[in-house]
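Data first, discussion second: the structure below is written as structure tokens.
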Amino acid sequence: MVDGFYPSENWQVFECPLGLTELPMLGAYHFRQAERGLTPHTHTSAFEICYLAQGCQTYRLANRDYCLAAGDIFVTLPDETHSTGPYPQERGNLYWLQIQPDPPKGILDLDFQASQTLVHKLSDLPTRCFTASKNMEAEFENALKICTEPSCEFTRLKLTQQITQILLEVINSAHSQPAARQSTSMNRVLEYIEGHLTENLPIDQLADVACLSTSWFKARFKREVGISPAEYVLRRKIEKAHELLKKGDKSITQIAFHLGFSSSQYFATVFRRFTNKSPREIKKI
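The opening position of the sequence shown corresponds to residue 2 in this note's numbering, with each subsequent residue numbered one higher.
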């Protein structure tokens with residue numbers, strides 16, 4: 002067992018790996034269903050960088066919601082209060098790290114000037130939520146893998162260089178002009194889905210709307226939207242169900258059949274998977 006390592010089926014977390022006190026935490030989670038949301042909290046004197054590899058996630062910072070799709074990064078500065086607001090931690094794969102700058106000493110075995118420059122660049126990002134480079138997941142996975150290797154000076158050097166590489170890619174990505182996430186054909190599909198939430202929406206049918214083959218459509222949709230078309234449809238149905246439940250003029254069973262679910266039991270199962278709450282809990286609010 003590596004010191005400061007807390008593994009589970011869904012979590013992998015390292016605290017100050019290899020004695021790097023400037024790296025309070027490095028970790029990842031892989032959720033198959035929604036988990037309880039994050040309450041408002043801060044990280045004392047530490048930056049936090051979250052990279053969403055798969056799924057969708059909303060964070061709240063200074064009364065503003067930041068909606069992440071797969072491939073996005075979200076950054077908080079030291080001592081900033083943030084949370085997931087009213088939203089759960091959604092199903093998906095997310096990586097994160099915290100960096101606690103200590104200018105007199107330097108960080109990540111960099112000299113004082115290099116440390117100051119890196120911290121300044123992190124403090125002066127033009128945006129808090131942006132698209133990462135395509136190899137960001139591999140960079141995080143490599144950092145996690147290094148943490149499990151036998152500890153020695155060489156291992157520490159590999160980790161400091163890997164974390165430095167991640168931070169440099171974060172800075173470069175934040176300053177890069179983001180490409181348009183969705184093409185005209187994909188926007189047409191999203192509009193079609195929005196207008197037909199009460200119907201069954203087979204993937205072949207959506208591919209026809211996009212004028213693409215089914216296999217190419219599925220790959221293109223996931224690349225541009227961040228999740229598979231089937232999951233997107235379910236997500237939008239659940240979001241619509243949430244609205245209808247709060248209005249309170251339809252029963253749970255009526256809403257389930259209205260949105261094309263085969264039974265109220267299946268609807269309740271899917272609803273909890275995406276919201277970490279039952280339809281009945283929302284209807285009571």
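Where is the CB? At the ideal position from N, CA and C, for every residue including glycine. As the structure is a prediction and not an experimental result, all values here were calculated from the model.
Checklist entry - Tell me, which residues are paired with L95 by DSSP? => result Y30, L53
Checklist entry - Are S116 and L78 closer than 8 Å when you measure CB to CB? => result no
Checklist entry - What's the gap between the Cα of A220 and the Cα of Q114? => result 44 Å
Checklist entry - Can you find at least 3 beta carbon pairs, one from the segment 59-74 and one from the segment 24-36, that sit closer than 8 Å? => result no
Checklist entry - Of the residues V234, I167, D205, L169, which one's Cα is nearest the Cα of L300? => result The shown model of the chain, from 2 to 286, leaves out residue 300, and the question about it has no answer.
Checklist entry - Comparing the C-beta of Y96 with each C-beta of chain B, is any distance below 8 Å? => result Among the chains in the structure shown there is no chain B, since it carries only a single protein chain.
Checklist entry - Thinking just about the alpha-carbon of each residue, which of L160, K135, S152 is nearest to the one in N143? => result L160
Checklist entry - What span of residues does the alpha helix (DSSP H) with Y88 cover, start to end? => result Per DSSP, Y88 belongs to no alpha helix (DSSP H) and is neither H nor E.
Next on the checklist: On the CB-based measure, 16 or more other CB atoms within 10 Å of its CB, does D250 come out buried or exposed?
Outcome noted: exposed
Checklist entry - Around the Cβ of L158, are there at least 16 other Cβ atoms within 10 angstroms (buried) or fewer (exposed)? => result exposed
Next on the checklist: Counting C-beta neighbours from all protein chains within 10 Å, is the total for R224 16 or more, i.e. buried, or is it exposed?
Outcome noted: exposed
Checklist entry - Would DSSP call Q163 helix, strand or coil? => result helix
Item to check | Environment of S263 [buried if 16+ CB atoms lie within 10 Å] | outcome: exposed
Checklist entry - Who are the Cβ neighbours of K278 in its own chain at under 7 Å, not counting the five residues just before and after it? => result none
Checklist entry - In terms of DSSP beta bridges, what is A70 paired with? => result C57
Next on the checklist: Extract the residue ranges of the alpha helix (DSSP H) inside the segment 173-243, only unbroken runs of 4 or more that lie entirely within it.
Outcome noted: 185-196, 204-211, 215-226
Checklist entry - Could you give the residue range of the beta strand (DSSP E) that holds Q13? => result 12-16
Item to check | Opposing strand residues paired with F48 [DSSP bridges] | outcome: I100
Checklist entry - Between the C-alpha atoms of T199 and P25, what's the straight-line distance to the nearest angstrom? => result 47 Å
Checklist entry - Got a sec, what are the start and stop residues for the beta strand (DSSP E) T276 sits in? => result First-last for T276: 265-276, but that is the alpha helix (DSSP H), not the beta strand (DSSP E).
Checklist entry - Buried or exposed: which applies to Q266, given that a residue is buried once 16 or more other Cβ atoms fall within 10 Å of its Cβ? => result exposed
Item to check | Spatial distance of E81 from A211 (CA atoms) | outcome: 42 Å
Checklist entry - Tell me, which residues are paired with T77 by DSSP? => result E49
Checklist entry - How would you label G20, buried or exposed, when you count the other beta carbons within 10 angstroms and need 16 or more for buried? => result exposed
Checklist entry - Per DSSP, H83 forms a beta bridge with which residues? => result H42, L62
Checklist entry - Should A257 go down as buried or exposed, given a rule of 16 or more other Cβ atoms within 10 Å for buried? => result buried
Item to check | P238 burial status per 10 Å Cβ neighbour count (16 or more: buried) | outcome: Per the sequence shown, residue 238 should be read as Lys rather than Pro. Result: buried.
Checklist entry - In the DSSP assignment, what are the bridge partners of E282? => result Bridge partners of E282: none, in fact.
Next on the checklist: Please list the terminal residues of the continuous alpha helix (DSSP H) segment that includes C148.
Outcome noted: 137-148
Checklist entry - What are the start and end residues of the beta strand (DSSP E) that includes T132? => result 130-132
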